[in-house]
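Asker: For the sequence shown, counting from 1, position 12 maps to 12 in our numbering; every step adds exactly one. Backbone N, C-alpha and C define an ideal beta-carbon position, used for all residues, glycine too.
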Amino acid sequence: MFLTFVSFGLFLRFSMSATRLSAVYFFLEAFLLFLTALSDTLMEFVVAILCAKVIYRQYTPLMTQVYAENYSHKTRGKRLSVVLVASAMVGIGFSKLGGYWLDLDLHNYTWIFFSMAAASMFCGWSLSRIPSSRVKNNATPKLLQFSYLWKDPLFGKMVLAWTLLGFGNFMTLPMRIEYLANERYGLSLSNQTVVLITAILPMVARIASMSIWGLLFDRVRFIPLRSLNNLFWILGLFCFFNFTNLWLIGLGSILIGIGMGGGFVIWNLWVTKIAPPDKAGAYMSVHTSISGLQGMLSPCVGYAILSLPHMTPAVVGWVGILLSIASLALFASHWKDTRIT
Numbered sequence: 001m002f003l004t005f006v007s008f009g010l011f012l013r014f015s016m017s018a019t020r021l022s023a024v025y026f027f028l029e030a031f032l033l034f035l036t037a038l039s040d041t042l043m044e045f046v047v048a049i050l051c052a053k054v055i056y057r058q059y060t061p062l063m064t065q066v067y068a069e070n071y072s073h074k075t076r077g078k079r080l081s082v083v084l085v086a087s088a089m090v091g092i093g094f095s096k097l098g099g100y101w102l103d104l105d106l107h108n109y110t111w112i113f114f115s116m117a118a119a120s121m122f123c124g125w126s127l128s129r130i131p132s133s134r135v136k137n138n139a140t141p142k143l144l145q146f147s148y149l150w151k152d153p154l155f156g157k158m159v160l161a162w163t164l165l166g167f168g169n170f171m172t173l174p175m176r177i178e179y180l181a182n183e184r185y186g187l188s189l190s191n192q193t194v195v196l197i198t199a200i201l202p203m204v205a206r207i208a209s210m211s212i213w214g215l216l217f218d219r220v221r222f223i224p225l226r227s228l229n230n231l232f233w234i235l236g237l238f239c240f241f242n243f244t245n246l247w248l249i250g251l252g253s254i255l256i257g258i259g260m261g262g263g264f265v266i267w268n269l270w271v272t273k274i275a276p277p278d279k280a281g282a283y284m285s286v287h288t289s290i291s292g293l294q295g296m297l298s299p300c301v302g303y304a305i306l307s308l309p310h311m312t313p314a315v316v317g318w319v320g321i322l323l324s325i326a327s328l329a330l331f332a333s334h335w336k337d338t339r340i341t
């Protein structure tokens, strides 16, 4: 994700449409997945799959540009939520099928990667048929797209608020498993219970809530909606890390899942609320890059805090809560800003 500003730079340099370049990325990913399936050594496999995943993340800001150009501001959230719910359901189904396939014969992994390559090819073909305009080079400031952070102070503050929220959330992600499974912290639950609480409950809540968040995105101003989403994260983390009762921990996990559902929708579209339509992709490339960097660092910081004397996952959870509250305060400081729709 951190490298997405490079991909958008290519989009500008070669004056390609967002959908054409996205299609190129999917075709390249398909080729790399094909190589993954044919790899003979562990090194070949690792290099191919890592490159495929890096390429896969490059299309995100380009698709934001496509959403801004092709979807009315009155329907963007609803349309994207349908896509997110459908992709989540297909992902669950394919994961189940893939697991069954591997149980039959472990060597079937090659056909799983061939299937993924075919899906990427189809995505590339589909994207190539979606209309999208070209962006001129002179529409972008120097120093790549990062100059928008200081040339547009509102955008810079919003990215900072997102970073605080993301740092708090990703920092606590591995701590949830530590809190439930590690006997050092008292709970030491079974693997099935840990999976139920940390994976299944939030996933179901995320999928069930995304359509509602999509409708809200189309009808509610960004700051109130973003603030509401922050509250779900704050309450979820509080319930999760401050109780030993499994029902309350489960409630916290559900609230976190609802927050994730809204986060997926809002994260993909929020720049369309403040950016000019022809610059939505450039704004998103900056936001995506910073999100990727924050996503890499925050779990490391969480474990660094946990390694200090007398620290527990609950302490890391409170750090996450405080960062989420700071993010909420920064968002709320622009509650009456008329530029934000």
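#1: Hey, out of Pro277, Gly320, Arg76, Gly295, whose CA is closest to Ile266's CA?
#2: With distances taken Cα to Cα, identify the nearest neighbour of Val195 among Ala205, Leu180, Ala208.
#3: Assign Ile200 to buried or exposed, taking buried as 16 or more other Cβ atoms, counted over all protein chains shown, within 10 Å of its Cβ.
#4: Less than 6 Å between C-beta atoms, sequence neighbours within five positions excluded: which residues of the same chain meet that for Ser333?
#5: Let me check one thing: in DSSP terms, what residues is Ser291 bridge-paired to?
#6: Once you ignore the five residues that flank Val271 on each side, which residues in its own chain have a CB closer than 7 Å to its CB?
#7: Tell me, please, which residues DSSP counts as bridged to Ser327.
#8: So the alpha helix (DSSP H) Tyr56 belongs to, where does it begin and stop?
#9: Whose C-alpha, out of Gln145, Met175, Trp233, Thr110, is nearest the C-alpha of Phe34?
#10: With 16 other CB atoms within 10 Å as the buried threshold, where does Gly91 fall?
#11: In chain order, what residues of the same chain lie with their CB nearer than 7 Å to the CB of Ile325, ignoring the 5 residues before and after it?
#12: Does the Cβ of Gln145 have 16 or more other Cβ atoms within 10 Å, making it buried, or fewer, making it exposed?
#13: What separation, rounded to the nearest whole angstrom, lies between the Cα atoms of Ile49 and Pro61?
#14: Does DSSP put Thr75 in a helix, a strand or coil?
#15: Distance check for Thr41 and Thr244, CA to CA, integer angstroms please.
#16: Using a 10 Å radius around the Cβ and a threshold of 16 neighbouring Cβ atoms, would you call Lys273 buried or exposed?
#17: I need the boundaries of the alpha helix (DSSP H) containing Phe155, first residue and last residue.
#18: Where do the N-terminal and C-terminal ends of the alpha helix (DSSP H) with Phe113 fall, by residue?
#19: Among the candidates Pro276, Ile249, Gly263, Phe232, whose CA atom is the shortest distance from the CA of Cys342?
#20: Taking the alpha helix (DSSP H) that Phe232 belongs to, which residues open and close that run?
#21: Taking only the alpha-carbon atoms, compute the straight-line gap between Ala314 and Leu21 and give it to the nearest angstrom.
#22: Quick check: what's the CA-CA separation for Cys51 versus Leu231?
#23: Out of Val82, Asp103, Arg129, which has the shortest C-alpha to C-alpha gap to Ala23?
Answerer: Quick answer:
#1: Arg76
#2: Leu180
#3: exposed
#4: none
#5: DSSP, once it has assigned bridges, lists no residue as partnering Ser291.
#6: Thr64, Ala280, Tyr283, Met284, His287
#7: DSSP, once it has assigned bridges, lists no residue as partnering Ser327.
#8: 42-56
#9: Thr110
#10: exposed
#11: Excluding residues within five positions, the ones whose Cβ falls inside 7 Å are Ile234.
#12: In summary, Gln145 is buried, with 16 or more beta-carbon neighbours lying within 10 Å of its beta-carbon over all protein chains present.
#13: 22 Å
#14: DSSP places Thr75 in the coil class of the three-state scheme, outside both helix and strand.
#15: Approximately 46 Å between the Cα atoms of the pair.
#16: Classification of Lys273: buried, given that the 10 Å Cβ count is 16 or more.
#17: Unbroken alpha helix (DSSP H) run through Phe155: 153-181.
#18: From DSSP, the alpha helix (DSSP H) with Phe113 extends over 109-128.
#19: The structure shown does not extend to residue 342, since the chain is modelled only from 1 to 341, so the question has no answer here.
#20: 222-241
#21: 44 Å
#22: Linking Cys51 to Leu231 through their CA atoms gives a straight-line distance of about 36 Å.
#23: Among Val82, Asp103, Arg129, the Cα nearest to that of Ala23 belongs to Arg129.
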